[in-house]
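Student: Residue numbers (our numbering), protein chains in the order written: chain A, 1 to 168; chain B, 1001 to 1466. Idealized CB from N, CA, C, for every residue including glycine.
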């Protein structure tokens, strides 16, 4: 196996080279960029993010908890106010909404941490502080016999540097 | 030809010297480095204020709320006014970060971090005041539904309880939003730090490397948090307004209160962003990032929300007159011409009359003028809450039960201390983390360069064709 590390100045070049690489079947790749660029995200993985599932799950749990605690606690300690039902639903929408937002938000962040691998850990060996400046990186892992083609694709799309390394 | 060894590649990708760091990284991270006299003086001043207010609060806790100037019939005073004021201030950050994000208003990128920081510290400050107001600080947990030996639960039909849930949810979501946005910038700081700072930034950046997978999850998380925070920010000040509007006190029992409070919060919040960001920009030389254009856009928001406030003030008076309810009419007459006339006219002049100067473009882009105007707007917004709370409570239904509330020195020291408390956190933040969202600024900058390159290629190609 070989690893090729290329460096670019512009996101459109990265998006193009990623699309071309994936079209040629080189799917095992990683991009690094100093800022969010939608064109790169779409080129690398056009599928919808799973963050939305966390949002939905958290929100549903929040609504159920919000209404659940209010109904249960109202029934457990009944206070009759202004002739209304003990477990009057209309005022419960407020805390139901707040807990939906609270649980939804917490689960969105938990989803981000899980999907993006956000926990203290060593950085990738090819990560460089250059990628938190203004440069972009594309790392491709491929068979040794394909390395020349990958390199050619990279250089053909304005890679300013291409380095080769053996993958472990 | 044999490929070079991996270690050689790794070394080549991590040069010991970094001659080509981006200008945005250098300029914005410079705020956290070096020594700035104005910053130190401000911090010492803030610490002194916090110390004084802390000692005063300790004395109040020992003596009881009698030292706070409450007297019948006014038992909501400066502490509740200041709570509502700081909650309002906390609204601009979410508006700028979440609502403008959903509207794809890219101009927000230079100011959103400052506004978010302000939001978090403003809500933290606000959250102290209900506790200070209850007097027995250690009983704060009575506000929460918790199992206890009396089998007693909280009253879910009370707006005060809704407020507990709303403020805590808002604080949590604001902090999460702030931290999620901060992670890529902490990674930038990590890559440029040495020593113990590098260790701290490495832990806080949580393995962020800016991979496509990370950015995708991050962008979607920000989008979803924005979607959650937008209705939340509108709900929070609506619920705060229902603390008043759900009662039958003249001057409070009005359906206009929710939108009126939300508009006022955005108005005051934007004014506070300007008050905070003008000196930051000047002292830390950030004029290239926070430009006159940003201040002009914020001025437009201030002008717009000032008009909504003006409409709400007028509508309140109109409805009081049109309703023909004597108590409402008396309450509003007392606001304008009673013992608290000074606060009412300050409110109207600072919040409605003075902001009309922003129709003039020259003034919208005059930074010293904006700073002074926004200072007065903040004063006006504090007086707005003073008018709503004090005049209404002191002039209820029975004239024999009317009273006069004058804030005590203790309350004024704690009020001043709240500004110092907020400033202390903000100043400490300035020296630890980037005050401008570096990666978002770079996103705009790199996109602009990329588009310019494509335009140049297109022009070159069309020139060649001819």
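Measure the C-alpha to C-alpha separation of residue 1240 of chain B and residue 1086 of chain B and round it to an integer number of angstroms.
Tutor: Approximately 12 Å, taken between the alpha carbons.
Student: Pull the bridge partners of residue 1032 of chain B from the DSSP assignment, please.
Tutor: None; residue 1032 of chain B has no bridge partner.
Student: So if I threshold CB-CB distances at 8 Å, which residues from the region 73-97 of chain A count as touching chain B?
Tutor: Listed in chain order, the positions of the region 73-97 of chain A with a beta carbon within less than 8 Å of a beta carbon of chain B are 73, 74, 76, 77, 79, 81, 84, 88, 91, 92, 94, 95, 97.
Student: DSSP three-state label for residue 1365 of chain B, please.
Tutor: Of the three classes helix, strand and coil, the one that applies to residue 1365 of chain B here is coil, per DSSP.
Student: Please report the distance separating the alpha-carbon of residue 97 of chain A from that of residue 63 of chain A.
Tutor: 7 Å
Student: In the region 1206-1254 of chain B, which residue ranges form an unbroken alpha helix (DSSP H) of at least 4 residues, counting only runs that do not cross its ends?
Tutor: 1212-1245
Student: Let me check understanding here. Comparing Cα to Cα, which of B:1162, B:1183, B:1200 lies closest to residue 1232 of chain B?
Tutor: Nearest in C-alpha terms to residue 1232 of chain B, of all of B:1162, B:1183, B:1200, is B:1162.
Student: Taking three-plus beta-carbon pairs below 8 Å as touching, is the region 1148-1160 of chain B in contact with the region 1122-1129 of chain B?
Tutor: Result no; under three Cβ-Cβ pairs closer than 8 Å.
Student: Pull up the CB-CB distance for residue 1446 of chain B and residue 1110 of chain B, whole angstroms please, since I reckon it's below 8 Å.
Tutor: Their Cβ separation, rounded to whole angstroms, is 15 Å, which puts residue 1446 of chain B and residue 1110 of chain B out of contact at 8 Å.
Student: In the DSSP assignment, find the alpha helix (DSSP H) that holds residue 2 of chain A and state where it starts and stops.
Tutor: Here residue 2 of chain A belongs to no alpha helix (DSSP H); instead the beta strand (DSSP E) covers 2-8.
Student: Could you please tell me which residues of the region 1213-1245 of chain B, in chain order, have their CB closer than 7 Å to any CB of chain A?
Tutor: 1213, 1214, 1215, 1216, 1217, 1218, 1219, 1220, 1221, 1224, 1225, 1228, 1232, 1235, 1239
Student: With distances taken from CA atoms, which of B:1301, B:1117, B:1137 is nearest residue 1277 of chain B?
Tutor: B:1117
Student: Taking the alpha-carbon positions, what's the residue 1196 of chain B to residue 1203 of chain B distance?
Tutor: If you draw a straight line from the Cα of residue 1196 of chain B to the Cα of residue 1203 of chain B, it is about 11 Å long.
Student: Please check the pair residue 1029 of chain B and residue 1192 of chain B, which I expect to be a contact at CB under 8 Å, by giving their CB distance rounded to whole angstroms.
Tutor: 6 Å
Student: What residues of chain B sit near residue 51 of chain A, judged by a beta carbon separation below 7 Å?
Tutor: 1217, 1220, 1221, 1224
Student: Would you check if the distance between the CB atom of residue 1088 of chain B and the CB atom of residue 1312 of chain B is smaller than 7 Å?
Tutor: no
Student: Classify residue 32 of chain A as helix, strand or coil using the three-state DSSP reduction.
Tutor: Three-state result, residue 32 of chain A: strand.
Student: Indicate the three-state DSSP secondary structure (helix, strand or coil) for residue 256 of chain A in the structure shown.
Tutor: Missing from the structure shown is residue 256 of chain A; chain A here goes from 1 to 168 and no further.
Student: Measuring straight from C-alpha to C-alpha, what distance separates residue 1107 of chain B and residue 1416 of chain B?
Tutor: 33 Å
Student: In three-state DSSP terms, what is residue 1108 of chain B?
Tutor: Three-state DSSP puts residue 1108 of chain B in a helix.
Student: Quick check on residue 1090 of chain B: does DSSP put it in helix, strand or coil?
Tutor: Residue state, collapsed to three classes: coil.
Student: Let me know the secondary structure DSSP gives residue 1403 of chain B once reduced to three states.
Tutor: coil
Student: Counting C-beta neighbours from all protein chains within 10 Å, is the total for residue 1322 of chain B 16 or more, i.e. buried, or is it exposed?
Tutor: Looking at its Cβ environment, which holds fewer than 16 other Cβ atoms inside 10 Å, residue 1322 of chain B is exposed.
Student: Could you tell me the distance, in whole angstroms, from the CA atom of residue 1460 of chain B to the CA atom of residue 1454 of chain B?
Tutor: 10 Å
Student: Which word fits residue 1359 of chain B, buried or exposed, when buried means at least 16 other C-beta atoms lie within 10 angstroms of its C-beta?
Tutor: exposed
Student: In chain order, what are the residue ranges of uninterrupted alpha helix (DSSP H) at least 4 long that sit wholly in the region 9-86 of chain A?
Tutor: As far as the region 9-86 of chain A is concerned, its whole alpha helix (DSSP H) runs of at least 4 residues are 11-23, 38-44, 51-76.
Student: First and last residue of the beta strand (DSSP E) that includes residue 136 of chain A?
Tutor: 136-142
Student: Please list, in chain order, the chain A residues whose beta carbon lies closer than 9 Å to that of residue 1193 of chain B.
Tutor: At a C-beta separation below 9 Å, residue 1193 of chain B has no neighbours in chain A, since its nearest C-beta there lies roughly 11 Å away.
Student: Is residue 1250 of chain B closer than 7 Å to residue 1327 of chain B when the C-beta atoms are compared?
Tutor: yes
Student: My understanding is that residue 138 of chain A touches residue 18 of chain A, with C-beta atoms under 8 Å, so please give their C-beta distance in whole angstroms.
Tutor: 7 Å
Student: Between the region 1368-1377 of chain B and the region 1292-1305 of chain B, are three or more C-beta pairs nearer than 8 Å?
Tutor: yes
Student: From residue 66 of chain A to residue 99 of chain A, what distance separates their C-alpha atoms?
Tutor: 6 Å
Student: Whose C-beta lies closer than 8 Å to the C-beta of residue 131 of chain A among residues of the same chain, with five residues either side of it excluded?
Tutor: 32, 33, 34, 137
Student: In chain order, what residues of the same chain have a beta carbon less than 8 Å from the beta carbon of residue 1019 of chain B, not counting five sequence neighbours either side?
Tutor: With a pLDDT of only 47 at residue 1019 of chain B, under 50, the local geometry of the prediction cannot be trusted, and the value read off the model is given with reservation. Counting only Cβ-Cβ distances below 8 Å, and skipping sequence neighbours, we find nothing.
Student: Which residues share a DSSP beta bridge with residue 150 of chain A?
Tutor: Residue 150 of chain A is not bridged to any residue.
Student: Does residue 1163 of chain B have its Cβ less than 7 Å from a Cβ in chain A?
Tutor: no
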